[in-house]
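Sequences listed follow chains E and P, in order. Under full-length UniProt numbering, the first residue of the first sequence carries the number 1, and numbering increases by one thereafter. Under full-length UniProt numbering, the first residue of the second sequence carries the number 1, and numbering increases by one thereafter. Don't be surprised by glycine CBs; every beta carbon is placed ideally from N, CA and C. Keep in mind that this is a model prediction, so the values were computed, not measured. This report refers to the structure that appears directly beneath it.
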Amino acid sequence: MSKRLNALYGWLLILPAVSLLAAFTHLPAVMTLLASVHSTPRGTRPPHFVGLDNYRDMMADPIFWQSLWNNLIYALATIPVSVALALTMALLVNRSFPGRSLARLAFFTPTVLPMIAVANIWLFFYTPDYGLLDRLVGFLGMAHHNWLGERGTALWALIAVAIWKESGFFMIFYLAALQQIPATLREAAALEGAGPWTCFRRVTLPLLMPTTLFVLINALINAFRMVDHVVVMTRGGPDNATSLLLFHIFEVGFRFWDSAYAATLTVVLVTILSLVAALKFHFLDSRTHYR
Amino acid sequence: MTGATVTVTEITKRWGETLAVAGVSLSAGEGRFVTLLGPSGCGKSTTLRVIAGLETVDGGSVRIGDRDVTRLPPSRRALSMVFQSYALFPHMTVAENLLFGLKVRKVAPVERRRRLTRVAELLSIDGLLSRKPSQLSGGQQQRVALGRALIAEAPVCLMDEPLSNLDAQLRGEMRREIRALQERLGITMIYVTHDQAEAMSMSDHVVLMNRGAIEQQGRPGDLYNRPASLFTARFIGSPAMDILDLSDPDLSRFVFGDPEKGAGLLLGLRPETVSPAPGHGLPAVVEASEYLGADTLLSCRAAGGQRLSARLPGAATMAPGTGVNLTWPEEATHLFNAADGRRRDDRLSDCPTAFTRARLSQIC
Ligand SMILES: Nc1ncnc2c1ncn2[C@@H]1O[C@H](COP(=O)(O)OP(=O)(O)OP(=O)(O)O)[C@@H](O)[C@H]1O
Ligand SMILES: [Mg+2]
Chain E
1 MSKRLNALYG WLLILPAVSL LAAFTHLPAV MTLLASVHST PRGTRPPHFV
51 GLDNYRDMMA DPIFWQSLWN NLIYALATIP VSVALALTMA LLVNRSFPGR
101 SLARLAFFTP TVLPMIAVAN IWLFFYTPDY GLLDRLVGFL GMAHHNWLGE
151 RGTALWALIA VAIWKESGFF MIFYLAALQQ IPATLREAAA LEGAGPWTCF
201 RRVTLPLLMP TTLFVLINAL INAFRMVDHV VVMTRGGPDN ATSLLLFHIF
251 EVGFRFWDSA YAATLTVVLV TILSLVAALK FHFLDSRTHY R
Chain P
1 MTGATVTVTE ITKRWGETLA VAGVSLSAGE GRFVTLLGPS GCGKSTTLRV
51 IAGLETVDGG SVRIGDRDVT RLPPSRRALS MVFQSYALFP HMTVAENLLF
101 GLKVRKVAPV ERRRRLTRVA ELLSIDGLLS RKPSQLSGGQ QQRVALGRAL
151 IAEAPVCLMD EPLSNLDAQL RGEMRREIRA LQERLGITMI YVTHDQAEAM
201 SMSDHVVLMN RGAIEQQGRP GDLYNRPASL FTARFIGSPA MDILDLSDPD
251 LSRFVFGDPE KGAGLLLGLR PETVSPAPGH GLPAVVEASE YLGADTLLSC
301 RAAGGQRLSA RLPGAATMAP GTGVNLTWPE EATHLFNAAD GRRRDDRLSD
351 CPTAFTRARL SQIC
């Protein structure tokens, strides 16, 4: 009797959490999966089962492939650069010098700003003729550009914004990790004859491995998750040159109102992110725990 | 591997307002074991780190061998160091930790292997070479840290309280091992500790520091037998030397045969030199007796309320309240100025001989 009562109490206690999780995470996930194998309801026509038709359409959708490809370039360019920059900045502001707090704040500020604000700032930088960048380029005697309007530069312009925004955030993780490394380790290395570079490569960097992995994987996830700047700055243009996967989903779902196809794309995106997450847990749990 | 002379001249180091090291000069000859001793915060570590090149000086110079290394970085001073926290690289195995410096200095692989085998055998850590530091006990980590310092075959080795994390038994063992190794290899050792027993038992030369300056330096026996100041007298020896105020007329009469002569002086007595002398010693009352195994420590209170103790062989317990007469040999009398704590050997001649003292004490 009391055992059953206990069980009942238990279920009652987790009921709020479970119902919230079910209502806002599990149910939508299942619904999305279901929607991806049905047709989009139009007017009086209710959705009907279409099997893998949506997926077949997706395979034939050039914009999907273009977005996936863009996203890949976007990830491969932003991740290494922002992580390397983050590490460099962390190393710079980890030493003591006058105005250190100010330097840390300066590096961290882009992270605090909302992406929409960041996008607006950079919109000004990229403005043809009057923008900061064109002024600079003009000053150096080179031709002006429509940075966001040309196929060749638009995606790279967005990549620069993402790096600018993300590096400061990752720097914080590196800074925390650097402060965890006892100063005596560096001193011991110095006494053993190691110069600053050897000390960094053989001692500091290996000890930062867990942080690097953590940052890498978060950067990878972010690369598939950030969309605000695309919406504000280019709306995927010119000619889909800056359409990222999430932006494509946004367009399909909320501009073309093709909810079934949007669901299909979402399933693909979630699958990619899940794979990344699985990778993350595998590595974080096994390889880097040397202590 | 042979040692090199380390000479430190008038070094000073400031941290903002505090003067951590104030004009310290010392010298460690080839193959000597020199200990920096002193209470917490007296500047031992700072002095050692200055010698290592891990801190810059505000004044003075450091010479190793015949080179002035004051401005050289740590890597170019040809010395090795054992940190209090061991500072082993947590991501490397024991072998990698040991070989780190040799690889950095591009020692040939054959030579590396030869030295690794030798050091591992010397410290009996052969079985641990493939482990990570986190998989070692405190004593084993300590050995590895020691090994990393020895494998470099640097002529000078610095150690900053390397034994403070170990239990009493292991500490005793490691003391003997470190000393034996140092003698066998002939390296010059500069060793920091706040444990006077450690300093006394290991060193050729002890440098006692107090508030950033050297209070006294010399052979362990010099510091023990002829403390130059009250600070040294109190710091060296266990149990500590008792200090009695000679401005007390009764005590002054007992020591000098005159109640006035002791004004402004302090009397230092080591418990191990004080013994009961039925009939003719300084009258005192036993307050407590502490049985230590080999001997017994009697805590007594003399006339005038001053404390002194006597260390007696065996289980010579006495009930509290028992009256005793205490005496000590003339050469065990230490006199100090009450004002500045300086030793006053010149006043020893004022003390009557033991024979007259025995008579005097019978009179009073
Ligand atoms: N990095 C530092 N910044 C400011 N003050 C310091 C620093 N390092 C040491 N000090 C000060 O210098 C003085 C001497 O310190 P030091 O570490 O040399 O003492 P120590 O004799 O090694 O003491 P312990 O036995 O406790 O290790 C102390 O007053 C300490 O507070
Ligand atoms: Mg210290």
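Per DSSP, the continuous beta strand (DSSP E) segment holding TYR291(P) begins and ends at 282-291. Residues of chain P whose Cβ lies closer than 7 Å to the Cβ of VAL203(E) are, in chain order, PHE89.
Counting only runs of 4+ residues, the alpha helix (DSSP H) found wholly inside the stretch 19-83 of chain E occupies 27-35, 53-59, in chain order. For the pair SER85(P) and PRO182(E), the CB atoms are nearer than the 8 Å cut-off. Taking 8 Å as the threshold, the shortest C-beta distance from PHE33(P) to chain E does not fall below it. Looking at the DSSP output, THR12(P) bridges to ALA22(P), GLY59(P).
Listed along chain E, the residues sitting closer than 7 Å to PHE83(P) by beta-carbon distance are THR184, ALA188. Annotation for GLY59(P): THR12 place their beta carbon closer than 6 Å to its own, counting only its chain and skipping 5 residues before and after. Across the set SER130(P), GLU198(P), THR70(P), the C-alpha of SER130(P) shows the shortest separation from the C-alpha of LEU99(P).
For a Cβ distance threshold of 9 Å, residue set LEU191, GLU192, GLY193 of chain E lies close to ALA152(P), ordered along the chain.
Using a Cβ-Cβ cut-off of 7 Å, THR198(E) is close to VAL104 of chain P, given in chain order. Scanning its chain for C-beta atoms nearer than 6 Å, with the 5 sequence neighbours on each side dropped, one finds no residue around ARG219(P).
Under the 10 Å beta carbon count, GLU55(P) is surrounded by 16 or more other beta carbons and is classified as buried. Excluding its 5 nearest sequence neighbours in each direction, ASN146(E) has C-beta neighbours in its own chain below 7 Å: PRO128, listed in chain order. Cβ-Cβ distances below 7 Å link ASN120(E) to VAL232 in the same chain, with the five nearest sequence neighbours on each side left out; the list follows chain order. Under the three-state reduction of DSSP output, ARG77(P) falls in the coil class, being neither helix nor strand. Inclusion of GLU166(E) and THR88(E) in the CB contact set at 8 Å is not warranted, their separation being larger than that value. A residue is called buried once 16 or more other Cβ atoms fall within 10 Å of its Cβ, and PRO227(P) is buried on that count.
Closest option to ALA302(P), judged by alpha-carbon separation, among THR322(P), ALA315(P), GLY314(P): THR322(P). With the criterion CB distance below 7 Å from any heavy atom of ligand 2, the matching residues run LYS44(P), SER45(P), GLN84(P), ASP160(P), GLU161(P), VAL192(P) along the chain. Taking 8 Å as the cut-off, the Cβ atoms of LEU326(P) and CYS300(P) count as close. Contact between GLY186(P) and GLY3(P) holds: CB atoms are separated by about 6 Å, below the 8 Å threshold. Spatial neighbours of ALA103(E) in its own chain (CB-CB distance under 6 Å, excluding positions within 5 residues in sequence) are listed in chain order as VAL93. Excluding five sequence positions before and after PHE173(E), the CB atoms of its chain that fall closer than 6 Å to its own CB belong to THR211, VAL215, given in chain order.
Remark: the shortest separation between the CB of CYS42(P) and any heavy atom of ligand 1 falls under 7 Å. The beta carbon of ALA52(P) sits closer than 8 Å to some beta carbon of chain E. Within the same chain, Cβ atoms closer than 6 Å to the Cβ of ALA52(P) are found at PRO74, MET81, LEU158, the five residues on either side in sequence being excluded. In terms of side-chain proximity, the C-beta atom of GLY38(P) is found nearer than 7 Å to a non-hydrogen atom of ligand 1. Taking a beta-carbon distance threshold of 8 Å, PRO206(E) counts as an interface residue toward chain P.
THR56(P) has its Cβ no nearer than 7 Å to any heavy atom of ligand 1. Contact with chain E is found for SER80(P), since one of that chain's Cβ atoms lies less than 8 Å from the residue's Cβ. For GLN196(P), the closest alpha carbon among the candidates LEU166(P), ILE236(P), GLY212(P), MET174(P) is that of ILE236(P).
Taking the Cβ of ALA20(P) as the reference point, at least one heavy atom of ligand 1 falls within a distance shorter than 7 Å. Closer than 8 Å to the CB of SER130(P) there is not a single CB belonging to chain E.
LEU140(E) sits exposed, since fewer than 16 C-beta atoms from the chains shown fall within 10 Å of its C-beta. Counting along the chain, GLN216(P) sits inside no alpha helix (DSSP H); it lies in the beta strand (DSSP E) bounded by residues 213-218.
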